[in-house]
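Below is one structure, written out as structure tokens; the observations come after it.
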Ligand code: IPD
Ligand code: CA
Ligand code: CA
């Protein structure tokens, strides 16, 4: 059992780390010289991703040398038995960042026994700092935030995303996107899972779903949504499993309606892989 004082300390260090990564992203904004594809088309990595990750890791490792780490660019470090695991995305929204489209973030989350428990997300373009820890509430720029009160899909604005394997799988979320676009006031494709979740937590968006994600995309944002009064689950409303890469996150009022809408969708054959 981790005390509130310990959670607060973890949150403060997560914040320091997210701000350190964010300062790096601000320096490189519009000045990238090294943009590469990691494997799949469109899956980019830049010198800003790497430098931000180094800055985040320096802070975390200085304070918690015994904690385990899962960072997008450098992978896993530390003991598999360690119950405290930092899940770090040094630049969530690399494609946006490379195009100077202003939706990206540093995401620093802490899993305790596999449960997202602490999160700090920093948006370096708007200088917005989102923070949350279990039982301690959620804030943007140190002011409390809460999810929206939208009660029906027809009144809602949602967000989703498409994983880098979208050309290889029929489970590419295109059909779900079309279906929900018809049922709602709109579905946005933000391009940064961390920012998508931060917007749900802030009440700017009413719900979010996506597949094909990694723990570093989700760990911090999940805590934000839950602490802002929202609900996070599997697509079928079962318990959220971070390793599944699938998330359904809403203001709570829309959880069942969005889950049921997703369950009835048939894949678009036209966009199936050849
Ligand atoms: C991506 C973003 C995007 C989501 C992708 C992620 P990256 O992260 O969060 O919104 O749709 O699935 O991989 O690659 O920019 O860190
Ligand atoms: Ca990411
Ligand atoms: Ca990333």
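Numbering (the numbering used here), first residue to last: 171 to 444.
Beta carbons are placed, not taken as given, at the ideal position from N, Cα and C, and that holds for glycine.
If you're wondering where the values come from, they're calculated on a predicted model, not measured in any experiment.
Within its own chain, the residues whose Cβ lies closer than 6 Å to the Cβ of residue 291, once the five positions on either side in sequence are excluded, are 275, 277, 300, 364, 368 and 390, listed in chain order.
For residue 439, the closest C-alpha among the options 346, 179 and 362 is that of 346. Residue 206 is bridged by DSSP to 215. Between ligand 3 and residue 407, a heavy atom-to-CB distance of less than 6 Å is absent. Residue side-chain check: residue 216 keeps its Cβ at 6 Å or more from all non-hydrogen atoms of ligand 1. For residue 274, the secondary structure class from DSSP, reduced to helix, strand or coil, is coil.
Going by C-alpha positions, residue 332 is about 12 Å away from residue 416.
In the pairwise beta carbon analysis, the stretch 318–334 is classified as not touching the stretch 402–410: fewer than three pairs are separated by under 8 Å. Residue side-chain check: residue 387 places its Cβ nearer than 6 Å to a non-hydrogen atom of ligand 2. At least 7 Å separates the beta-carbon of residue 419 from that of residue 435. Taking a contact as a CB-CB distance under 8 Å, the pair residue 279 and residue 174 does not count as one, their CB atoms being some 18 Å apart. Rounded to the nearest whole angstrom, the C-alpha separation of residue 251 and residue 393 is 23 Å.
In this structure residue 223 is not in contact with residue 207, their Cβ atoms being roughly 18 Å apart against a cut-off of 8 Å.
With a cutoff of 7 Å on beta-carbon distance, residue 273 and residue 361 are scored as near each other. Annotation for residue 259 indicates a beta carbon within 6 Å of some heavy atom of ligand 2.
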